[in-house]
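Here's the structure, in structure tokens; my notes come after.
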Amino acid sequence: MEKKQREEDLDREVRQGLKKMEDRAYDVHEEREQAAGDVEAPYQPSEGSHPSEAEHHRDFRGSYNAVVDEVDKDNATRTLWSDAWGRLRKNRLAIVACVWILVIAVIAVTADLWVQQWLGSPTAIDSTQMSALSRLPPSPEHPFGTDTLGRDVLCRVIYGSRISLTVGLLATAISTVLGLIMGALAAYYGGIWDTIIMRLADIFLAFPYTLFVIVLLAVLGNGIQNVFIAIGILGWPSIARVFRSAILSVKENDYVDAARSMGASDARIIARHIFPNSVASIVVYATMNIGGAILTESALSYLGMGVTPPNPSWGSMIQDGQTYLATEPWLMLMPGLAILTTVLAFTLLGDGLRDALDVKMKDA
Amino acid sequence: MGKYIVKRLLQFIPVFFGVTLILFAVQNIVPGDPIKLIAGDKALQPETELQLRIAYHLVKTDGDGQAVDAEGNVTKNLDETVPTSTIEQYVDYILGLLQGDLGQSYTRKLPVSSILAQKYPYTAKLALVAIVVEAIVGIGAGMVSAIKRYSFWDVLVTLVTSILVAMPAFWLGMLLQLFFGIWLKSWTGGSFFLPISGAGGVNSPFMDWVHYILPAITLASVSTAYAARIMRSQLLEVMNQDYIRTAKAKGLSRSQVIVHHALKNALIPVVTYIGLDFGAMLSGAILTETVFNWPGVGYEIYRAITQRDWPIVIGGVTVIIVVVMVINLIVDMSYAFLDPRIRYGAPKEQG
Chain A
1033 MEKKQREEDL DREVRQGLKK MEDRAYDVHE EREQAAGDVE APYQPSEGSH
1083 PSEAEHHRDF RGSYNAVVDE VDKDNATRTL WSDAWGRLRK NRLAIVACVW
1133 ILVIAVIAVT ADLWVQQWLG SPTAIDSTQM SALSRLPPSP EHPFGTDTLG
1183 RDVLCRVIYG SRISLTVGLL ATAISTVLGL IMGALAAYYG GIWDTIIMRL
1233 ADIFLAFPYT LFVIVLLAVL GNGIQNVFIA IGILGWPSIA RVFRSAILSV
1283 KENDYVDAAR SMGASDARII ARHIFPNSVA SIVVYATMNI GGAILTESAL
1333 SYLGMGVTPP NPSWGSMIQD GQTYLATEPW LMLMPGLAIL TTVLAFTLLG
1383 DGLRDALDVK MKDA
Chain B
0 MGKYIVKRLL QFIPVFFGVT LILFAVQNIV PGDPIKLIAG DKALQPETEL
50 QLRIAYHLVK TDGDGQAVDA EGNVTKNLDE TVPTSTIEQY VDYILGLLQG
100 DLGQSYTRKL PVSSILAQKY PYTAKLALVA IVVEAIVGIG AGMVSAIKRY
150 SFWDVLVTLV TSILVAMPAF WLGMLLQLFF GIWLKSWTGG SFFLPISGAG
200 GVNSPFMDWV HYILPAITLA SVSTAYAARI MRSQLLEVMN QDYIRTAKAK
250 GLSRSQVIVH HALKNALIPV VTYIGLDFGA MLSGAILTET VFNWPGVGYE
300 IYRAITQRDW PIVIGGVTVI IVVVMVINLI VDMSYAFLDP RIRYGAPKEQ
350 G
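Here the protein sequences line up with chains A and B, keeping their order.
For the first sequence, the residue numbers in this note's numbering are 1033 to 1396.
For the second sequence, the residue numbers in this note's numbering are 0 to 350.
Take a look at the structure:
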């Protein structure tokens, strides 16, 4: 008798527990329905969520709870970004690229703390020792050799990374913000806005890029801030095109209509409902854009239109080294290798992100 | 088709006016009086300066080409003349342009059109050689890469294209100079090497075409890498399609399938890319021309920008824009020719 009583109690407890779980499950379900408009990416079942053989034989409520729990667990730990990170982690090249970028960034940021004690100043010239130190070949003391004015090349390469990274990041930030605004205006308002902005983009793209940057710099004057402003201003059309087509493809979705009928403002709809749907492709484009901006900066500095001497930039170091190509080739080899590895790292990271975030791009 | 061409030609007009207007605005933002650029360091007689200002359309004139003051009377006094506004200069320029007059260079004392006529052939010839290199190497490497997928050659092509894309082209040019001009010379004791500067001529010990090798490779490098990548991905995509499986099932050999069936479709985007790239190359490769001292239009425009010689900048860019737009139009036309599925100007429902 006692045993039966206990069994009944247990049974009741289990039933109450199930009831609670069920209520909670429906709550969760409802919450999710309400939030559907804000979901960043459609829920993709992961491999782990396939019901196993045992789960097939449970009753409906059990399996429903199981699925909801599964979803719950998934949502707590697996977003679009954690999914992407999981995939990116398996891409060895992208991780190497990521580590390399971090190493350069850390060296660039902390350079003032340790580089000058080790290798001397990147700009100052010791006139008494200049001829003795001029254009020494690489040695343990000067790993990359010295330049004509007796300055350590490694030290200048390190300080040059600050210029390249700054220009790469800030120019990309400017292009991205401009591109997002222009793309949003063109796609969301359409009509005459679309025509004007896209024609403007055509004009920008029809113009030979290097020429355009140089003309713009001639107007703004040399100097690092003008370099990233010029590169940034000219970079907007491609981002604007990506964002415009992304908006056009999601603009007609029901949840956008729903948000609009609930009285959401245009800015809110773009920021909360449309932007999250295209953020992946924008991140990929921006990452690749950083490498392109670094290349453009080096070309401008090479032509003598970028950073003003004596501040070191990779491009201007290559130009300095060109004179001694036949006798001291490391003067142009070292900064060139720095550009190559850094840009390559951003390209590989961009490729990795594209695969991880599953962004479709036009060309290979 | 005819309708489409007309529509495209009409689209040239806003782009053309937009670009020239932007350049004209730029010219007037940049500080510096053109007369000082023309004269250099010399001090000018007032009469000479007046003549120059009239010749360059910088002051208002009457019908006979005499300078006028604010009331419209003919004057010889420099201080009484009225400078022309940007808009008037622009209208003047466009009117001259329609008659084939691109203005006078400030620093070279020559008509811009004759300077461009002298420089453009070098740029065009270099672009032609580079585009041939790009087409052969790019398409070839892409095909090998796709056909022998995941082989050593595929990995090599992927690696090399990634590096080429991440490399500043001018730096690659210098590496080539280092290898083929300097190291090769010292290894062979001076008997064999390639020229690293200039475009040949009577003073050069080389045949003229030898001078094209290194600049053309440099100019072609980045786009060859892109062409190879596009070729690879296109061929791989086409090889997955049903009609290729049918051709294989018919018993055709692999090479027959690729040559007769896959290649035609896979080539279309590559040919388009190469065509557009040709337009870009014709706009003058400033960096390549600087590294190799090439007497082309890109370097000329760059020199003009640094010297604030605006007539050359505006004239050169105007010519380039027209050339690029015409090439792009031809590419789009040939696209329709290569791919019969595309019918420009046809009603939408017929595709």
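Heads up, the beta-carbon is just placed ideally off N, CA and C, and yes, glycines get one too.
Query	Result
Separation of A1156(A) from L193(B), as counted between CA atoms	39 Å
Rounded C-alpha distance that separates V1375(A) from A66(B)	56 Å
Distance, D241(B) Cα to I1261(A) Cα	50 Å
Cβ-based neighbour list, I162(B), same chain, cut-off 6 Å, excluding 5 preceding and 5 following	none
Identity of the residue in I329(B), G297(B), A140(B), V128(B) nearest L158(B) by Cα	A140(B)
Distance between I1265(A) and N1321(A) (C-alpha atoms, nearest Å)	13 Å
Residue burial classification, E1284(A) (beta-carbon count within 10 angstroms, cutoff 16)	exposed
Endpoints, the alpha helix (DSSP H) within which K124(B) is located	111-146
Ranges of the alpha helix (DSSP H) found wholly within the stretch 1349-1394 of chain A, counting only runs of at least 4	1362-1389
Proximity below 8 Å, CB of G1177(A) to CB of M1162(A)	no
Which of helix, strand or coil DSSP assigns to P1154(A)	coil
Beta carbon proximity, Y1287(A) to chain B, threshold 8 Å	no
CA nearest to the CA of A1116(A), picked from S1313(A), L1332(A), V1199(A)	S1313(A)
Rounded straight-line distance, which links the Cα of I326(B) to that of V131(B)	16 Å
The stretch 296-309 of chain B contacting the stretch 115-124 of chain B, beta-carbon criterion three pairs below 8 Å	yes
Best match in I93(B), N264(B), A248(B) for proximity to Q233(B) [C-alpha to C-alpha]	N264(B)
Inter-residue CB distance, I1271(A) and G1211(A) (contact presumed, cutoff 8 Å)	3 Å
L155(B), buried or exposed, once every other Cβ within 10 Å from all chains shown has been counted against 16	exposed
Boundaries of the alpha helix (DSSP H) in which K75(B) is found, first to last residue	No alpha helix (DSSP H) holds K75(B); DSSP gives it neither H nor E.
Within chain B, partners of G1323(A) - CB distance below 9 Å	V164, A165
Min CB distance G197(B) to chain A below 8 Å	no
Interface flag, A1358(A) vs chain B, CB-CB below 8 Å	yes
Presumed contact (8 Å Cβ cut-off) between I273(B) and A134(B), rounded CB distance	6 Å
Which of helix, strand or coil DSSP assigns to T1340(A)	coil
For Q233(B), three-class secondary structure by DSSP	helix
CB contact below 8 Å: Y1191(A) versus chain B	no
Given T1198(A) as reference, the closest of Q1148(A), T1227(A), V1141(A) once Cα atoms are compared	V1141(A)
Three-state secondary structure (DSSP) of Q26(B)	helix
D308(B) versus M142(B) - alpha carbon distance	46 Å
Cβ-based burial, F1275(A) [other Cβ within 10 Å; buried from 16]	buried
Residue-chain proximity (G1080(A), chain B), Cβ-Cβ < 8 Å	Low local confidence applies: a pLDDT of 41 at G1080(A) is under 50, so the model's placement there is unreliable, and no value is given.
Chain B contact for V1209(A) (CB, 8 Å cutoff)	no
Below-8 Å beta-carbon distance, D1387(A) vs any chain B residue	no
Proximity winner among D1390(A), M1230(A), A1250(A), relative to I300(B) (alpha-carbon distances)	A1250(A)
Cβ neighbours of A1318(A) in the same chain (closer than 7 Å, five flanking residues each side left out)	T1204, T1208
Rounded C-alpha distance that separates I12(B) from V321(B)	10 Å
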